[in-house]
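Numbering (the working numbering), first residue to last: 1 to 1203. Heads up, the beta-carbon is just placed ideally off N, CA and C, and yes, glycines get one too. The model shown is predicted, which means the values in this text are computed figures rather than measured ones. Reviewing the structure listed below.
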């Protein structure tokens, strides 16, 4: 292997699957938060009074959590009267690293939980408050998820005196907890471990008699004779654990004709009652029955849809009434009241299949309950259930029979991921400089619901729609304004044939007020705005109309006629200043008109100075008023500000193409600067479309959006009473015209084109972030305006935008996160392919009944498959005729046929190109045997329709699981343990291997096949001789899933979450040598290579079936050694914090670093951490600079989203 090749592997998108949900006081005794524990991360959310959550912490996990519980220490603190220990709840977890951990949120030097051996200088200096930290951990088993490893389940005693753990078989371990009398003591005082007589399936502590000194632990056990028992373990809490006599356990037999229970639920009364929950029944049991050996348990049937997947019980007891909630896999919520061993249940139903109910939050208010519903098959969500309001807290908050769960917030879930495709960013040459257009785009097959979806994952700012109007087809322009004297917001919408005035009330209701005003309705509006908080200014051809708002109809109005011989090109209104550009005979005249109103409410219009004359026809005109204490403007726009005078800028783009900026420094003096855009771009259609200003800490920045998707930036300077524009750089945002606008404070700009972006000025820098709407609109946004300016609320950013068919007002999150946009194909997607010939996304899916109903297909095809074609520019499905065979005119696919492989195939023959789509399937024949087909299709895309024809079909004895083009004319595909090579005009060649082929990758006529027996076998193909021969292999069985080749190294993933790097063995010919291996949080099922620079570029993207994504990037050897020293030094300081302890995260080999762990280190504030000084203490000055540069380089790379 080339020793210069070193790699960094990191998680770029974490799994969305939620395994545990808890509520507790993690930050403060008086604040209830919610924890989502996912496959590879922990997220902490704050909960508002209306149930909406906000993520305040998101941290990665380096070892999968097996079980978790909340240790309610607040109650214990109050009982002991201990004021030395902070009253917050702790998170207790068991993980695959073999530890039970006690975690506290927001560890700092003031936290009294931290023991002396954790109080080192690095902890005190960090003082980081936004993550969970392990303050104590107990070794309970070896690494891994073997059945004998402890921590499979956790049970907490109600009084928080004991914790019990089990393995997946018959072992129980009980721990006595510190009674929290003294601080800085270990949580665990003593422990005992024992084997029981059968397999433990369920375990919980039972509360019995508040003053009782005994503890009660109940098990559901299957004996070796396969008989089921409910078993009680009882011991004196005041005696050492060694006195527990496990031979005296009391066991009661259960019915032999019932299935295994799903949950064991203790009630929060003092009678020691609990229930076993089955899918369709509840068994009620009391502790007293163990002492009387009474096995006649009460059984209650529950009628509901689906399978019970989760439960939650209200911790409050209302007059001996327990409230229990059950959730099913269909999203149904069952409300159960239990009193005096009598059960009443009510099926509340659900809006749609949403997955399993995981947590009930009953402490939000007296009258509301929150349910967290999650599932692998679709979106997660928080549902709100209202209960009857009761003034007396001792009375049950009964839920009405008419109650239906209401979705108040959703959490996107794109798992499981069967396939994905990365569309790489385009490279455009501008003035001999290579520029990259936008980011890579990640598409994937999402979910497993009957109405399947294709999803695009992005990193951006989530935008929540708060108002949407969809019946405004043909919107041309719009303006939004709000009077400080009114609560309502007014919106003027202009169409080519009419104008409407809308009122948006404080309650979110939208009304048409056109007929309640003097609005010119039967024409389009050129510009509109608000004047004096009481009047609307409307500019149409030949006149300016000023009229009162509907709430001030008694005030006067005014109409000002314009010159009949001049045609109004554009206009804008800003505060009391109107700009109007009018076309004269040989030039364009720009007028500035000032509005004023007297004490007698008389409105006057005064022309400011002489009109500005330009020769070129403008493409855009924008007026911006920038508040600046150093401004020299005499325009009295804001007379209330005595010390602050505004600068008035006119930003004018022309068709030349050029750009002109005017600054009105006084009535008699105008500063001007003109630039030709040909000096900056040679692309076609580089005509200005819009412009705005952005203010940094030191200067003003001019943003210019062009019609070809370019955004140019200049810094505005004043030199010798002149304006000077210094070019900064340009960005490419697709190919559509860019609409850019800034807010009133000039701190944020919004860009609308193919997508929507936000530019924030921070100190002296500008951050560009993509905005992702929570609602897919059919066409691209054409106009955008800031919205929070109107409300004078700058904490939460918001804007309004329109497309051709809809009007939206949205609120933005305050930070970036993984966002998702769905394309609903109404079929379960399996494979995905981008066809470069059609320029369409091809999705192989299961044929749904919805598609059959909309076509002429027979019902017998309902278990067959289908192909969908998606136009990614519009996000819509392209209509295609039923997939019929060109010869038989029958449907291409047969019943019981499923697609497992999809590829394109381009043949270059006699100076012509022939494009094909290849589909590999499995099919169940009439005898029930699994066979396979290879379909060769041709497709054409004309007039917004796709025509499909099948030109060949190859029937095989086994399913086709892998397809890949090879050479100029060939296609390689695998069926069971045979690799087939089919060429355009040559006989099909086959090669038989020892074990079935899972996947194939091809590079330069070399086939890399992942097999069940050999992890990878390498074969060479000679297209001239049509000959295939093996050249090397890896003989180690690895349960391979997929592979990829880079730098002559082979990366291979397996089902045991391993990622291995193989290289040619220099000592043994025909052998592959293991260079390194890594254990990942989840197995990588698919790889894809993306092009880019050799170093510091994620050239391989891998996806897990659970929705996580990983990147593999190479690193120069010298840099790699720096990062190795960095990690080694970090581990010396953090030897007690196992959330960051990578000694327990196995990486075998010297050529790979764990990027997740490295990212945690790199993104810390190094300027304030003494570890950096320690690392650099023995380095000379040049090496110190190199270390710092490499840290900053990697920090920049990790901070930039890939998608």
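Segment limits, beta strand (DSSP E) that includes residue i
i: residue 1072; result: 1072 to 1079
i: residue 983; result: 978 to 983
i: residue 468; result: 453 to 469
i: residue 289; result: Taken as a continuous stretch (DSSP letters only), residue 289 belongs to no beta strand (DSSP E), being part of the alpha helix (DSSP H) at 288 to 291.
i: residue 541; result: Looking at the DSSP string, residue 541 is not in any beta strand (DSSP E), and its letter there is neither H nor E.
i: residue 520; result: Segment: none, residue 520 is in no beta strand (DSSP E) and carries neither H nor E.
i: residue 1058; result: 1058 to 1064
i: residue 420; result: 420 to 423
i: residue 569; result: 567 to 574
i: residue 901; result: 897 to 909
i: residue 837; result: Run containing residue 837: none; DSSP gives neither H nor E here.
i: residue 1098; result: 1098 to 1104
i: residue 132; result: 132 to 139
Cβ neighbours of residue i in the same chain (closer than 6 Å, five flanking residues each side left out)
i: residue 1209; result: An answer regarding residue 1209 cannot be provided, because it is not within the stretch 1 to 1203 covered by the chain.
i: residue 582; result: 566, 568 and 589
i: residue 421; result: 443, 832 and 834
i: residue 985; result: none
i: residue 1139; result: Because residue 1139 carries a pLDDT of 45, less than 50, the predicted location of this residue cannot be relied on, and the following value inherits that uncertainty. The answer, listed in chain order, is 134.
Cβ-based neighbour list, residue i, same chain, cut-off 8 Å, excluding 5 preceding and 5 following
i: residue 1142; result: Residue placement at residue 1142 cannot be trusted, given a pLDDT of 45 that sits under 50; what the coordinates show is reported in the next sentence. Closer than 8 Å at the Cβ level, and outside the excluded window around residue 1142, lie 62, 1127, 1131, 1154 and 1157.
Alpha-carbon spacing of residue i relative to residue j, whole angstroms
i: residue 191; j: residue 138; result: 11 Å
i: residue 1206; j: residue 65; result: With the chain represented from 1 up to 1203, any question about residue 1206 goes unanswered, as that position is not in the structure.
i: residue 278; j: residue 326; result: 11 Å
i: residue 637; j: residue 542; result: Reliability fails at residue 637, whose pLDDT of 40 lies under 50, so the model's placement of it is uncertain and no value is given.
i: residue 1163; j: residue 1123; result: 13 Å
i: residue 830; j: residue 179; result: 54 Å
i: residue 918; j: residue 950; result: 10 Å
i: residue 1003; j: residue 814; result: 44 Å
i: residue 243; j: residue 40; result: 40 Å
i: residue 661; j: residue 486; result: 36 Å
i: residue 106; j: residue 460; result: 26 Å
i: residue 599; j: residue 743; result: 31 Å
i: residue 710; j: residue 413; result: 34 Å
i: residue 683; j: residue 753; result: 17 Å
i: residue 330; j: residue 319; result: 32 Å
i: residue 341; j: residue 295; result: 15 Å
i: residue 251; j: residue 93; result: 29 Å
i: residue 1014; j: residue 1063; result: 15 Å
i: residue 446; j: residue 574; result: 47 Å
Other residues of its chain near residue i: CB distance less than 7 Å, five sequence neighbours each side excluded
i: residue 785; result: 480, 741, 799 and 800
i: residue 495; result: 474, 475, 476 and 524
i: residue 514; result: 500, 501 and 521
i: residue 540; result: 520, 523, 525 and 526
i: residue 761; result: 694, 695, 696 and 747
i: residue 727; result: 680 and 714
Nearest neighbour of residue i, chosen from the options [CA to CA]
i: residue 262; options: 879, 269, 275 and 255; result: 275
i: residue 1085; options: 1070, 1079 and 1053; result: 1053
i: residue 22; options: 15, 32 and 16; result: 32
i: residue 775; options: 768, 1190 and 755; result: 755
i: residue 620; options: 575, 563, 689 and 1035; result: 689
i: residue 1201; options: 770, 1090, 172 and 1036; result: 770
i: residue 1101; options: 7, 6 and 12; result: 12
i: residue 558; options: 537, 551 and 577; result: 537
Range of the contiguous alpha helix (DSSP H) that encloses residue i
i: residue 1088; result: Segment 1084 to 1089 is the beta strand (DSSP E) holding residue 1088; no alpha helix (DSSP H) there.
i: residue 1159; result: 1155 to 1162
heavy atom of the ligand PLP below 8 Å from residue i C-beta
i: residue 93; result: In terms of ligand content, the structure shown is empty, and the ligand PLP therefore cannot be addressed.
Let me know the alpha helix (DSSP H) ranges lying completely inside the segment 766 to 818, each 4 residues or longer, listed in chain order. 788 to 791
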